[in-house]
Each structure stands twice: as C-alpha cells, then as structure tokens.
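Numbering follows my numbering, in which position 346 of the sequence shown is assigned residue number 346; successive positions increment by one, without gaps.
Beta carbons: idealized from backbone N, C-alpha and C, even for Gly.
Input: a single structure, listed below in structure tokens.
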Amino acid sequence: MSREMQESAQSITVVIPTYNRKASLKVTLDGLARQKYSLQDVEVIVVSDGSTDGTDAFLEEYAGGAPYTLRVITQANQGPAQARNAGVWAAKGEIIVFIDDDVEPVDDFLASHMAHHKSDDKIVVIGPMSPDPARRGVEPAWIAWEHAMLQKQYFNLTTGVWKQAWANHFYTGNASLRREHIVAVGGFDVEFKRQEDVELAHRMRRTQGVNFVFDPKADVIHRPHRSFASWLNVATSYGQCDVIRAREGRVSWIVVKNSYTNRNRTTRMMARLMMNAPFLAAPIRALLVAVAVGLYRAGVTKVAMAMLSMVYNVRYLESARTEMGAEQMSRLLFGPGDLPVAPVVKG
1 MSREMQESAQ SITVVIPTYN RKASLKVTLD GLARQKYSLQ DVEVIVVSDG
51 STDGTDAFLE EYAGGAPYTL RVITQANQGP AQARNAGVWA AKGEIIVFID
101 DDVEPVDDFL ASHMAHHKSD DKIVVIGPMS PDPARRGVEP AWIAWEHAML
151 QKQYFNLTTG VWKQAWANHF YTGNASLRRE HIVAVGGFDV EFKRQEDVEL
201 AHRMRRTQGV NFVFDPKADV IHRPHRSFAS WLNVATSYGQ CDVIRAREGR
251 VSWIVVKNSY TNRNRTTRMM ARLMMNAPFL AAPIRALLVA VAVGLYRAGV
301 TKVAMAMLSM VYNVRYLESA RTEMGAEQMS RLLFGPGDLP VAPVVKG
C-alpha cells in the first residue's frame, strides 16, 4: 500500500520504521508537518513492520491530508534493520533522514540536518534525542537512565571533551546522510538485532570515507515506552553483538575487555560474582533494581542511576560471556594478549 509521489526527485526522504505505536507515530508525523522547511521537497516513508494495532489504516487516512508526500510500506514483522532497508530501497530522496516512531522533531529539525548536506557529500549528521521535561521524574527509572547516558554523550560532544562525533554515536533515532552511501554498502545487516546502526556506520566509515558531525539544533523530543525486560535486553544484545563483531574483525576485542576494566571496583566485583555463580544473577539483579527504583522515586537520582549502570554493565558482561564461553571470557579479561578474529572481515 502506498501513495505515490510525483516523478521528480525529492531532496529528502524521512524513513520511519514502526511496530504497534500508532499514537506516538501520529505525534512524529505531526512534528514533521510543522517543519520550517519546504515540505514539497520531502517524502516520508513509514514502514509498518507487522503492526496489528490499526497503524496501517491510520496511515492510509493520514496520507490524504499530509502536507508532505507520505508513502507506506507494510510487511510481516522482520525487525528494524530490514524495515529501514525497505524504506531506503524505496526512497526517492538523495538525503535519507532516519527517525524513530517515538520522537517528536522540533520545528527546525529538517532545516538543521539539511544545512550540513549542502556543503559536504561525505557528512553524516547526528542529532540529539532529548527527554521531555514534562515526563521528568514520572517516567520509569531505567528510561531516566537512558536519557542520562545520552545527555552525557551530548555534553561530551558539545563541550570538546570528545573532539568529534564518531560511528559509535550513529543512532537511527535521529540521523541523516546521503542515500548513496547506504546503498553502496548494502544497507543494514539484518543479522543484527541491536547495534545495526552502529555496525552500518563503521562499514560506511571504512568503505565510503564518511565523516560524522553532531548538531544539537537537529533535535527531537524522545518519549520512549520500554519495559524493564526490554531495557535489560538491550544490554544483552549489545554484549552478544560486540563479541560477534570482534570475532569477525569488525572491532577490536578491547571493546569487550574495556566494558570490564573501565568499570569501578564494585561493578567488577559484582560482574565476577554473577558470571561465576549464574544462579545468583537473577535474584541479585532483582534486588538492585528494586532498590534503584525506590531511590529514584525518593529523589535520590544520582545513586539510583549508578545502581542501574551497574545492572546494565553486568548484564552486558554476562551476555558477552555466554556468547564467548567462560574460558575465552576469562582469557580476555584476566589473561595476556588478545583473542583471534575470523579470517574474513565483512563489508
């Protein structure tokens, strides 16, 4: 199902994958309708990835009154990497803008992104995903933790602590680049259920020579709805994906090792305990989270965030150990030297 746009090439295609988020998707689309940018030059492609909540019917109706060209792709649920690929392959714009279905772009969002692409064909623009002030103190503790970690990154990028943005900062919740660079590397790797955006960015950097820039003006308001189990699964997926990437030579094993050595003593002790005695992991984690949530509700935010960081980092290490095996994990963390990589590097 699609509403076809005019034949002339468009300058921008906004790609939005969605799954059962009809209400928040409307906020996203309404935000795009308010852009201080020529909307006749914009197409928006929404990829409905197996939605069952009435999203498809809503989009068909919304397309009739949208001030931009709205095209809809419906498919069986295949995950965000494949959904974004479908949007990219169908796109007619030279510039691809990625956003998620739980964000609201500010009015200057598109103009801020496009200002960079006018002068640099190799640029990849990364924008912030800012918390909604109205939800501060109300959203779950783990969502507040996500926002806090992102805000720390943005502070480092805007104050010079980090000299420049890099591939590791490429999140498809808010980013833009020329379509040709994605096509040249074959799109997102659908084998990755997490970090598919970061993995793509590293391939484009390596083979296309793209550069990354962070623009705080290209902002979106992020209102995530994530259960604790879903939040913890992010750490699980990241631990697994980093081991796979290191094994294939896409990144150094130091990425996994640093996830242990760069943590504080308490986190390292907790990680060793929970990796060596897996039967204790679930009850210890449940206790830590319960205390962290209680502290967050009581306004003791700093300590609550530190405890959630411990939970997240330990879960990452548990997952990495499961993917690697106990012997190799021990060798990496506590033994000399590095681990071997596969003989062939993808991309």
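Below 8 Å, enough C-beta pairs join the region 127-146 and the region 203-223 to call them touching: three or more. Around Leu25, the same chain offers Thr18, Asp101 as residues with beta carbons nearer than 6 Å, after the five sequence neighbours per side are excluded. Judged by beta-carbon spacing, Met307 lies within the 8 Å limit of Ala292, meaning their Cβ atoms are closer than that value.
When secondary structure is reduced to three states using DSSP, Phe192 falls in the coil class, being assigned neither helix nor strand.
Gly93 places its beta carbon 8 Å or farther from that of Thr28. Here the alpha carbons of Pro67 and Glu61 stand approximately 13 Å from one another.
Counting only unbroken stretches of 3 or more residues, the beta strand (DSSP E) elements lying wholly within the region 110-158 are 123-126, 129-131, in sequence order. In this structure, Ala90 sits near Ile45, with a CB-CB distance shorter than 8 Å. Assigned with DSSP and collapsed to three states, Ala175 falls in strand. In the three-state reduction of the DSSP assignment, Gly93 falls in the strand class, which pools E and B. Note on geometry: alpha-carbon atoms of Gln195 and Thr266 lie some 27 Å from one another. As computed with DSSP, Ile182 is found in no beta bridge at all. The Cβ-Cβ distance between Ala218 and Asn174 falls below 8 Å. In this chain, the beta strand (DSSP E) harbouring Asp49 covers 42-49. In the DSSP assignment, Glu60 falls within the unbroken alpha helix (DSSP H) covering 55-63.
In this structure, the straight-line span from the alpha carbon of Leu317 to that of Ala304 is close to 20 Å. Within the region 211-256, the runs of alpha helix (DSSP H) at least 4 residues long that lie entirely inside it are, in chain order, 228-247. With the rule of 3 Cβ pairs closer than 8 Å, the region 101-119 counts as touching the region 223-241. Thr207 sits exposed, since fewer than 16 C-beta atoms from the chains shown fall within 10 Å of its C-beta. A buried status is given to Glu139, since no fewer than 16 other beta-carbon atoms sit within 10 Å of its beta-carbon. Residue environment: Thr172 is assigned as buried (16 or more neighbouring CB atoms within 10 Å of its CB, all protein chains considered). A residue is called buried when at least 16 other Cβ atoms come within 10 angstroms of its Cβ; Leu273 does not meet this threshold and is exposed.
The alpha-carbon of Val220 is positioned some 24 Å away from that of Asp56.
Within the same chain, Cβ atoms closer than 8 Å to the Cβ of Ser11 are found at Asp41, Val42, Gly93, Glu94, Ile95, Met114, the five residues on either side in sequence being excluded. For Arg71, no alpha helix (DSSP H) encloses it; the enclosing beta strand (DSSP E) starts and ends at 69-75. Residue pairing by DSSP places Pro17 opposite Val47 in a beta bridge. Short of 7 Å from the beta carbon of Trp231, and not among the five residues preceding or following it, lie these beta carbons of its own chain, in chain order: Trp142. Distances from the alpha-carbon of Gly79 to those of Ala235, Asp189, Leu295 put Asp189 closest. The C-beta of Arg136 has fewer than 16 other C-beta atoms within 10 Å across all chains shown, which makes the residue exposed.
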